[in-house]
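Novice:
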RNA sequence: GCCGUCGUAGCUCAGUGGUAGAGCACUCGGCUGUUAACCGAGCGGUCGCCGGUUCGAAUCCGGUCGACGGCGCCA
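Residue numbers (the working numbering): 43 to 475.
1. Exposed or buried, which one is residue 460 when buried takes at least 16 other CB atoms within 10 Å?
2. Using the beta-carbon count (16 or more within 10 Å), is residue 152 buried or exposed?
3. Pull the bridge partners of residue 374 from the DSSP assignment, please.
4. For a quick check, are the C-beta atoms of residue 365 and residue 277 less than 8 Å apart?
5. Hey, residue 90 and residue 54 are a contact pair by Cβ (cut 8 Å); roughly how many whole angstroms apart?
6. Please state whether DSSP places residue 178 in a helix, a strand or coil.
7. What residues in its chain sit with their C-beta under 7 Å from that of residue 51, if we drop five residues either side in the sequence?
8. Using the three-state DSSP reduction, which class does residue 452 fall into: helix, strand or coil?
9. With a 10 Å radius around its C-beta and 16 neighbouring C-beta atoms as the bar for buried, classify residue 424 as buried or exposed.
10. Please report how far the alpha carbon of residue 441 lies from the alpha carbon of residue 112, in whole angstroms.
11. Do you know offhand how far residue 148's Cα is from residue 456's?
12. The beta strand (DSSP E) spanning residue 121 covers which residue range?
13. Beta-carbon within less than 7 Å of residue 323's beta-carbon, same chain only, minus the 5 sequence neighbours each way: which residues are those?
14. Quick test of the definition: if touching needs 3 or more C-beta pairs under 8 Å, does the segment 246-258 touch the segment 216-231?
15. Let me confirm a value: residue 343 is counted as buried when at least 16 other C-beta atoms fall within 10 Å, else exposed. Which label applies?
16. Would you call the segment 187-202 and the segment 159-176 touching, i.e. three or more CB-CB distances under 8 Å?
17. Taking the C-alpha atoms as reference points, what is the distance between residue 299 and residue 162?
18. Would you mind sorting residue 143 into buried or exposed? The rule is 16 or more other CB atoms within 10 Å of its CB.
19. Along the alpha helix (DSSP H) that carries residue 349, what are the first and last residues, could you check?
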């Protein structure tokens, strides 16, 4: 190996012990004891201790290094030694330190409130915790592309600016479009249903926007949505497509980010390692019965709240599919079950702590049924003419789902709050920085 | 939308009617093996904002703004 700059991780992996290295990065912490300075040098791969002795540097340079504040950027040349006194068993004895850019007083110290970290999110991204999470996030995005493309699905983009709603009840962010009111998209789905009859099976990863004042640990107003639409799929095939994606994501994160995952959540690794299909599948009615058996007061026809979700997911050691919900509590576009027209062919995939990870359904293709359901939801069907057209010209059975990517990350990392699953979270009370 | 908690130094907090406090950070001094170093000194405030009660309000009362937490709704 012969290169100019080494990674901190390589030093900690014993690749350069006894040798000279060149490192560059940021001062994570610094301690000076007079004629010697201890620096913890951070780069994107890790943190290593650097010792700077007064004898080794020119006097002026030593005084400069001594006065550097946390987060100053530097280049270090020195020798790697194995030393039990160093935090990770290895340290770099500096021969030369070049100051790239001294830092002002860093606003984030050891004690910090949630609010302070959110105000300084642009600086908090340098933390080990955020670095680990964002690495896992990157892997999750890659895994989703990989999964769908390996199955022959093509990537299709819908507009972000749109004139119509999609999810009944969900509120839209209005946008002033040259004096007309349009909205930020809530979902890719309706446009996907137009594209599917030409392109075939498609998927996307795109932001979705929900103007709901949901002050919960599971909601963002702007979140990243992985959505898929497949031709000829029935509900069972759609379940397999959802299960396959979740399993593939978990596998990839274990492969590529095991260390990052362990840094955040030690128990997560074992849970994910043991995760395999098939996930349990129960109907809405069976879920109601289970909850009643557990002593909960649930009324048939009600959607599950947080207490019901918690109870239900606690009964299984894997994510659980709940199928065949009553049509009244689900979106207008879901197809009714021919065997029981009060139910829809669709499902939610639920996991502990997070709740719903995926919501999917077979799509209704009958124009009259769609119009009737739209009216029930208080929508004006004339706003949906182009969508209804997709059913008027040789529609075929099809199905799809949406997966909340931040919720997947929250689940994988066992995060207390979904806002840590995204670099700059947007919540009802926060849109800065 | 509903319920709750909290706003005091750059940060984290104490102070519940009588002169505004601590730890950390920062500055200066000391120290060649520190691990959130340590020791000494210094700097640092319109107690969120508006109004009221009182001889006197960070403290009591009313309002307001903001943040956080929980519920509902959803992915």
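All C-beta atoms in this analysis are idealised placements derived from N, C-alpha and C, irrespective of residue type, glycine included.
Specialist: The structure says:
1. Here residue 460 refers to the residue found at position 418 when the first chain is read from its first residue. The residue is buried, with at least 16 neighbouring Cβ atoms inside 10 Å.
2. Stepping through the first chain from its first residue, residue 152 is reached at position 110. Label assigned to residue 152: exposed.
3. Taking the first residue of the first chain as 1, we reach residue 374 at position 332. Residue 374 is not bridged to any residue.
4. Mapped onto the first chain, residue 365 falls at position 323. Mapped onto the first chain, residue 277 falls at position 235. Result yes, Cβ atoms of residue 365 and residue 277 sit closer than 8 Å.
5. Taking the first residue of the first chain as position 1, residue 90 is located at position 48. Taking the first residue of the first chain as position 1, residue 54 is located at position 12. Between residue 54 and residue 90 the Cβ distance is about 6 Å, and since that is below 8 Å, they are a contact.
6. Against the first chain, residue 178 aligns to sequence position 136. Of the three classes helix, strand and coil, the one that applies to residue 178 here is helix, per DSSP.
7. Within the first chain, residue 51 is the residue found at index 9, counting from 1. 87 and 88.
8. Start at 1 with the first residue of the first chain, and residue 452 comes out as number 410. If DSSP states are grouped into helix, strand and coil, residue 452 belongs with the helices.
9. Mapped onto the first chain, residue 424 falls at position 382. Exposed: under 16 other Cβ atoms inside 10 Å.
10. Here residue 441 is taken as the residue at index 399 of the first chain, counted from 1. Here residue 112 is taken as the residue at index 70 of the first chain, counted from 1. Residue 441 and residue 112: Cα-Cα distance of roughly 53 Å.
11. Counted from its first residue, the first chain places residue 148 at position 106. Counted from its first residue, the first chain places residue 456 at position 414. Cα to Cα, residue 148 sits roughly 29 Å from residue 456.
12. Numbered from 1 along the first chain, position 79 holds the residue referred to as residue 121. Taken as a continuous stretch (DSSP letters only), the beta strand (DSSP E) holding residue 121 covers 115-124.
13. As a working mapping, residue 323 is identified with position 281 in the first chain. The answer, listed in chain order, is 281, 363 and 365.
14. yes
15. Counted from its first residue, the first chain places residue 343 at position 301. So residue 343 counts as exposed.
16. no
17. Residue 299 sits at position 257 when you count from the first residue of the first chain. Residue 162 sits at position 120 when you count from the first residue of the first chain. Their backbone Cα atoms lie some 26 Å apart in a straight line.
18. For the purposes of this step, residue 143 is identified with residue 101 of the first chain, where counting begins at 1. It is exposed - the Cβ of residue 143 has fewer than 16 other Cβ atoms within 10 Å.
19. By one-based count along the first chain, residue 349 stands at place 307. Run containing residue 349: 348-356, per the alpha helix (DSSP H) assignment.
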